[in-house]
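Data first, discussion second: the structure below is written as structure tokens.
2 protein chains.
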Amino acid sequence: MAKKVTKKVTKKETKKEKIDKSKKLIQALKNHGAQIYEDLENGEFPKFSIPNRSISNIIYDKKLRQYVLGTNASLRSARNSSQLRSFTQLLWLAFFANKLTHEKKSSTLRDVYYSSQAFAVDFEDQQESDNIIVDLEAVLSQPREDFFVFPEERSSIFGDLTIEYTIPGYEGKTQNLSSHPDGYAIGPSMTSAQLTDTSAEMVIAIEKGGLFTRFVEEQVDKKFKSIIINTGGQAPRSTRTLLKRLHDELGLPVVILTDGDVYGEHIAMVIKSGSANAAHLRELTVPDAKWMGVWATDIDKFKLPTIPMTESDIKRCYDLLKDPRYEEGLWKRELEVFIKIKRKAELEAFSKYGLTNITEKYLPKKLEESKSF
Amino acid sequence: MAKKVTKKVTKKETKKEKIDKSKKLIQALKNHGAQIYEDLENGEFPKFSIPNRSISNIIYDKKLRQYVLGTNASLRSARNSSQLRSFTQLLWLAFFANKLTHEKKSSTLRDVYYSSQAFAVDFEDQQESDNIIVDLEAVLSQPREDFFVFPEERSSIFGDLTIEYTIPGYEGKTQNLSSHPDGYAIGPSMTSAQLTDTSAEMVIAIEKGGLFTRFVEEQVDKKFKSIIINTGGQAPRSTRTLLKRLHDELGLPVVILTDGDVYGEHIAMVIKSGSANAAHLRELTVPDAKWMGVWATDIDKFKLPTIPMTESDIKRCYDLLKDPRYEEGLWKRELEVFIKIKRKAELEAFSKYGLTNITEKYLPKKLEESKSF
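If you read the protein sequences in the order shown, they are chains D and H. The first sequence begins at 1 in UniProt numbering and counts up by one. The second sequence begins at 1 in UniProt numbering and counts up by one.
Next comes the structure, spelled out in structure tokens:
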């Protein structure tokens with residue numbers, strides 16, 4: 001039997017990091033607020049400098065292996081009457097973010113939209129308030145989760161990982177994530193927890209809940225010393241944050257298992273290198289993450305039952321080929337095979353060879369292979 | 001301080017019930033199999049008798065307060081060449097259900113579709129295999145969850161409830177569901193667990209994850225002695241099963257909180273009395289469950305910000321008015337108000353009055369009111 005390797009993280013370090021993050025955020029908000037006051041006292045129109053998020057300022061950084069914003073920024077000033085509305089909205093949001101962070105109360109994108117109405121701050125619709133939230137992220141270079149604005153989606157996690165909560169009422173309480181086989185929801189308390197202890201040697205992210213359950217039942221966590229994460233389709237940002245933390249703080253490699261289609265390939269890519277939408281943030285990517293499958297080339301290799309690709313599937317392949325991240329290697333090769341075979345296969349397709357075929361045959365083979373790419 | 005009332009359920013009873021359920025299912029499958037052999041030995045064509053699930057055989061049972069199937073049944077026989085295909089499919093599924101139940105391996109609707117291919121049983125698409133699964137449910141009068149076929153959707157639960165797992169590898173292990181504030185996923189291990197202990201006096205089901213998190217943060221579980229469930233929109237069947245068990249086994253009243261629109265009203269109705277689609281089952285309803293809000297009449301009463309209803313929202317109201325369950329009382333009244341005001345309001349709309357308005361003002365008021373309807 002293999003020796004159990006336990007990784008223990010120095011608690012003080014992560015705790016400090018967490019506190020620093022909140023402190024850093026509140027300090028940044030304070031600085032921006034002080035600047036506004038200063039402008040007013042000097043008889044000037046108050047303003048924000050906002051990094052430009054338009055396509056022309058989004059650059060793929062090959063060294064960082066993710067999209068980043070260029071150096072262009074624009075001024076949003078109360079002097080310009082056409083900017084007065086969005087200036088006020090942003091100022092209010094900074095105030096509200098400060099309030100949420102101080103009170104440690106989580107909210108959603110939808111909540112922010114409605115909360116603004118209490119202050120007679122007018123947003124046409126949620127699209128408008130969502131945009132201002134992204135502006136504030138760009139101004140602060142911190143994701144909205146840091147100021148307690150969360151999405152609706154949930155995904156879940158299972159495996160031998162002990163966490164220690166930091167949210168009010170739960171500080172210092174610990175939880176081992178191998179004790180509920182249906183999985184633990186990944187929400188504010190999970191992403192803000194300290195990751196204190198694990199015997200796992202890798203993280204396996206899976207696109208689908210049904211497979212997640214299969215993996216738990218087949219004890220993939222024990223057999224492959226892994227933490228299993230159900231991304232529930234495209235991984236929500238809080239899940240990507242957690243994946244990054246598992247990689248960076250615990251040094252765990254991350255492998256990704258998706259359906260064998262262009263959307264699956266892109267789910268893996270977004271975990272690895274982010275989306276252009278979040279080019280203004282750097283906390284959501286795991287550049288070393290590996291897409292383990294299902295590859296287009298696996299379809300033939302493992303004789304999987306397939307479904308024909310639709311016109312829009314094929315168009316999506318051609319679109320991605322123009323993305324700099326798909327310009328070479330595995331990513332390009334697999335897209336080209338999809339285009340050639342015009343067929344796709346789901347994770348459940350392995351069930352043709354028995355329910356445990358995916359965990360007993362496919363997974364070990366691909367894990368072995370993944371050491372070399 | 002109020003005295004903590006703890007409900008303890010006799011373990012042996014629920015365990016016995018659970019075992020009986022699996023035994024009952026396996027026995028029923030065995031009987032059907034034996035009948036097929038007998039037919040063959042007698043030189044007859046083998047057959048199944050399948051309760052008719054067409055609209056004409058779906059009746060609203062006012063006493064049971066749910067849809068049920070009438071007494072019409074049809075014979076599916078190997079004699080009839082047009083039925084040979086669906087007869088074979090059903091026979092295979094019965095074999096596969098038996099295998100899953102014996103091995104306690106969970107699968108999904110999608111898995112069943114692919115698994116059939118290992119046996120050269122042909123399904124055109126998943127729609128066809130889904131239909132056969134419903135046929136088998138009707139034949140057995142047991143939901144597919146009993147033979148380990150689960151959906152993809154997940155919802156989650158939080159509160160002072162201790163469960164004891166019955167799935168392999170976890171038998172006898174207990175879990176208290178108040179220890180992970182992001183919630184525990186409701187999957188096979190949760191729905192099959194014994195519900196052993198709780199101090200809660202009610203269950204609050206909420207339509208949205210964001211509100212679920214709010215309720216946990218505001219300690220609604222403690223302040224209102226409740227178990228909180230996030231249905232994630234329309235409640236998945238496994239969640240409805242759990243709601244029923246919390247009501248029936250622990251005697252807990254169930255209240256439901258949805259968006260203030262016709263879809264929210266129907267989410268509550270489906271938890272209460274099921275859907276016509278599941279008229280062949282009786283294990284998924286909580287007839288005593290109460291829809292606490294957001295009512296159409298609450299919109300004006302609580303001065304909520306609203307969104308205009310679309311044409312299709314309004315059409316949906318008129319459609320539901322034809323449903324026998326919406327013929328009277330609260331259900332009819334609220335639909336009529338929606339039609340009159342042509343506006344709807346979401347749960348997040350309360351944020352206009354502060355993030356805690358919903359838990360501090362609305363919830364206590366409606367809980368008090370709900371005692372009288």
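Where is the CB? At the ideal position from N, CA and C, for every residue including glycine. Here the structure is a predicted model, which means the values were calculated and not measured.
- Where does Thr166 (chain H) sit, in a helix, a strand or coil, going by DSSP? Of the three classes helix, strand and coil, the one that applies to Thr166 (chain H) here is coil, per DSSP.
- Task: Taking a Cβ distance cut-off of 8 Å, strictly less, list which residues of the segment 170 to 195 of chain D are near chain H, in chain order.
- Result: Against chain H - using a Cβ distance shorter than 8 Å - the residues of the segment 170 to 195 of chain D are Tyr170, Lys173, Gln175, Ser179, His180, Pro181, Asp182, Gly183, Tyr184, Ala185, Ile186, Gly187, Pro188, Ser189 and Met190.
- Message: Does any residue of chain D have a CB that is nearer than 8 Å to the CB of Arg240 (chain H)?
- Response: Proximity of Arg240 (chain H) to chain D, defined by a Cβ-Cβ separation below 8 Å, is not satisfied.
- Determine which residues share a DSSP beta bridge with Ala138 (chain H) and list them. According to DSSP, Ala138 (chain H) bridges with nothing at all.
- Task: Can you pull the chain H residues whose beta carbon is under 8 Å from the beta carbon of Gly274 (chain D), in chain order?
- Result: Close partners of Gly274 (chain D) in chain H (Cβ separation under 8 Å) are lacking, with about 23 Å as the shortest Cβ gap.
- Contact with chain D by Ile206 (chain H), beta-carbon distance below 8 Å: No, Ile206 (chain H) does not count as interfacial toward chain D.
- According to DSSP, is Asn176 (chain D) helix, strand or coil? Asn176 (chain D) falls in the strand class under three-state DSSP.
- Please list, in chain order, all residues of the same chain as Ile186 (chain D) whose beta carbon is under 8 Å from its beta carbon, the five residues on each side excluded. The residues are Arg154, Ser155, Ser156, Ile157, Ile229, Pro236, Ser238, Thr239 and Leu242.
- Message: I need the DSSP call for Ser49 (chain D), collapsed to helix, strand or coil.
- Response: Shown here, Ser49 (chain D) sits in a strand according to DSSP, grouped into three states.
- Nearest to Arg53 (chain H) by alpha carbon, out of H:Lys272, H:Leu281 and H:Tyr165? Checked all of H:Lys272, H:Leu281 and H:Tyr165; the closest Cα to Arg53 (chain H) is H:Leu281.
- Query: By the criterion of Cβ-Cβ separation under 7 Å, what are the contact partners of Asp111 (chain H) in chain D?
  - Reply: What Asp111 (chain H) touches in chain D: Gly210, Glu348, Ser351 and Leu355.
- Query: With a Cβ-Cβ cutoff of 8 Å, do residue 429 (chain H) and Ser141 (chain D) count as a contact?
  - Reply: This structure cannot speak to residue 429 (chain H), because chain H is shown only from 1 to 373.
- Determine the burial state of Glu346 (chain H): buried for a count of at least 16 other Cβ atoms within 10 Å of its Cβ, exposed for fewer. With 16 or more other Cβ atoms from the protein chains shown falling within 10 Å of its own Cβ, Glu346 (chain H) counts as buried.
- Message: For a test of the three-state rule: what should DSSP assign to Gly187 (chain D), helix, strand or coil?
- Response: Coil.
- Would DSSP call Thr297 (chain D) helix, strand or coil? Judged by DSSP in its simplified three-state form, Thr297 (chain D) adopts helix.
- Query: According to DSSP, is Ala205 (chain H) helix, strand or coil?
  - Reply: Looking at Ala205 (chain H) - three-state DSSP - the assignment turns out to be strand.
- Does the pairing of the segment 67 to 85 of chain H with the segment 111 to 120 of chain H give three or more beta-carbon distances under 8 Å? With a cut-off of 8 Å on Cβ pairs, the segment 67 to 85 of chain H is not in contact with the segment 111 to 120 of chain H, counting fewer than three such pairs.
- Cβ pair Ile256 (chain D), Ala205 (chain D) closer than 8 Å: A Cβ-Cβ contact shorter than 8 Å links Ile256 (chain D) with Ala205 (chain D).
- Item | Boundaries of the alpha helix (DSSP H) in which Asp111 (chain D) is found, first to last residue | That run of the alpha helix (DSSP H) goes Leu109 to Ser115.
- Query: Relative to chain D, which residues along the segment 92 to 122 of chain H have a C-beta separation below 7 Å, given in chain order?
  - Reply: For chain D, the residues of the segment 92 to 122 of chain H that bring a beta carbon within less than 7 Å of one of its beta carbons are Lys105, Ser106, Ser107, Thr108, Arg110, Asp111, Tyr114, Ser115, Gln117 and Ala118, in chain order.
- Message: Using 8 Å as the threshold, is the C-beta distance between Leu93 (chain D) and Phe48 (chain D) below it?
- Response: Contact: no.
- Item | Host beta strand (DSSP E) of Ser86 (chain D) (start-end) | Not the beta strand (DSSP E): Ser86 (chain D) falls in the alpha helix (DSSP H), residues Leu84 to Glu103.
- Taking Cβ-Cβ distances shorter than 8 Å, what residues in chain D pair up with Ser156 (chain H)? Result: Arg154 and Ala185.
- Message: If you follow the alpha helix (DSSP H) that Ile341 (chain D) is in, where does it begin and where does it stop?
- Response: Taken as a continuous stretch (DSSP letters only), the alpha helix (DSSP H) holding Ile341 (chain D) covers Gly329 to Ile341.
- Task: Please report the Cβ distance between Val254 (chain D) and Val286 (chain D), rounded to the nearest whole angstrom; I am assuming they are in contact, meaning their Cβ atoms lie under 8 Å.
- Result: Your pair Val254 (chain D) and Val286 (chain D) checks out as a contact, with CB atoms roughly 5 Å apart and the cut at 8 Å.
- Message: Comparing C-alpha positions only, which one of H:Val337, H:Lys173 and H:Glu283 sits nearest to Thr297 (chain H)?
- Response: Out of H:Val337, H:Lys173 and H:Glu283, H:Val337 has the C-alpha closest to the C-alpha of Thr297 (chain H).
- Return no unless some Cβ of chain H is closer than 8 Å to the Cβ of Glu128 (chain D). Chain H places no beta carbon closer than 8 Å to that of Glu128 (chain D), leaving this residue out of the contacts.
- Backbone CA spacing between Phe87 (chain H) and Asp261 (chain H) [nearest angstrom]: Cα to Cα, the separation comes out at about 42 Å.
- Query: Between Lys366 (chain D) and Gly274 (chain D), is the Cβ-Cβ spacing less than 8 Å?
  - Reply: It is not a contact, given that the beta carbons lie outside the stated cut-off.
- Thr196 (chain H) versus Arg245 (chain H) - alpha carbon distance: Roughly 12 Å between the two C-alpha positions.
- Give the DSSP-derived three-state secondary structure of Ser199 (chain D) in the structure shown. Secondary structure of Ser199 (chain D) (DSSP, three-state): coil.
- Item | Residues of the segment 63 to 90 of chain D with Cβ closer than 7 Å to any Cβ of chain H, in chain order | Contacts with chain H (Cβ-Cβ distance below 7 Å) from the segment 63 to 90 of chain D involve no residue at all.
- Using a cut-off of 7 Å between C-beta atoms, extract the partners of Ile167 (chain D) located in chain H. Neighbours of Ile167 (chain D) in chain H, taken as residues whose beta carbon is under 7 Å from its own, are Pro181 in chain order.
- Query: Comparing alpha-carbon positions, which option in D:Leu29, D:Met269 and D:Tyr37 lies nearest Ala78 (chain D)?
  - Reply: With distances taken between Cα atoms, Ala78 (chain D) lies closest to D:Tyr37.
- Query: If you check the beta carbons only, do Pro181 (chain D) and Tyr170 (chain H) fall under 8 Å apart?
  - Reply: It is a contact, given that the beta carbons lie within the stated cut-off.
- Query: Does the distance from the C-beta atom of Gln100 (chain D) to that of Phe148 (chain D) stay below 8 Å?
  - Reply: A quick correction: the sequence has Leu, not Gln, at residue 100 (chain D). Yes, these two residues count as a Cβ contact at 8 Å.
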